[in-house]
Amino acid sequence: MAKPKLLLVDGSSLAFRAFFSILDLNRFKNSNGLHTNALYSFHRMFKSILDSEKPTHVLVAWDAGKTTFRTEMYADYKGGRSKTPGEFIEQMPYFNVLLDAWGIPHYRL
Numbered sequence: 002m003a004k005p006k007l008l009l010v011d012g013s014s015l016a017f018r019a020f021f022s023i024l025d026l027n028r029f030k031n032s033n034g035l036h037t038n039a040l041y042s043f044h045r046m047f048k049s050i051l052d053s054e055k056p057t058h059v060l061v062a063w064d065a066g067k068t069t070f071r072t073e074m075y076a077d078y079k080g081g082r083s084k085t086p087g088e089f090i091e092q093m094p095y096f097n098v099l100l101d102a103w104g105i106p107h108y109r110l
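Following my numbering, the numbering of the sequence shown begins with 2 at its first residue and continues without gaps.
In structure tokens:
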């Protein structure tokens, strides 16, 4: 029996990385006009991680955008970031659909 191996994934970080890895937004749209570049790349990246790490357990954590001790200590924490692109925001609900289809638990923290 394989030794248990837990893989914890920062879903927000991986999703943003996936979005910015494919910037040809017009090429990655479904028939309803939904951008799919982040979903496509997230799927490929996540599958690659699963294939290489071969975890027995997986958990994906999403940043819920809540106030944290960092923002309480420093109000401008992450304040210099650009606004999140709408093409990324419209894909957000579908990351959970993908993870649900794979049977991978995910939580917003």
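For every residue, glycine included, the Cβ atom is placed at its ideal position computed from N, Cα and C.
The beta carbons of G12 and A76 sit about 26 Å from each other, so the pair does not count as a contact at 8 Å. The C-alpha of L8 is placed about 9 Å away from the C-alpha of L51. Within its own chain, the residues whose Cβ lies closer than 6 Å to the Cβ of E88, once the five positions on either side in sequence are excluded, are L26 and H36, listed in chain order.
Residue pairing by DSSP puts W63 in a beta bridge opposite R109. Cβ atoms of T57 and P5 come within 8 Å of each other, at about 5 Å. The shortest CA-to-CA distance from F21 to any of G104, S83, N38 and L60 is the one to N38. Cβ contact annotation for N97 (same chain, cutoff 7 Å, sequence separation greater than five): H107, in chain order. Between A19 and F43, the gap from beta carbon to beta carbon is short of 8 Å. The closest CA to that of L110, considering only V10, G104, K48 and K67, is found on K67.
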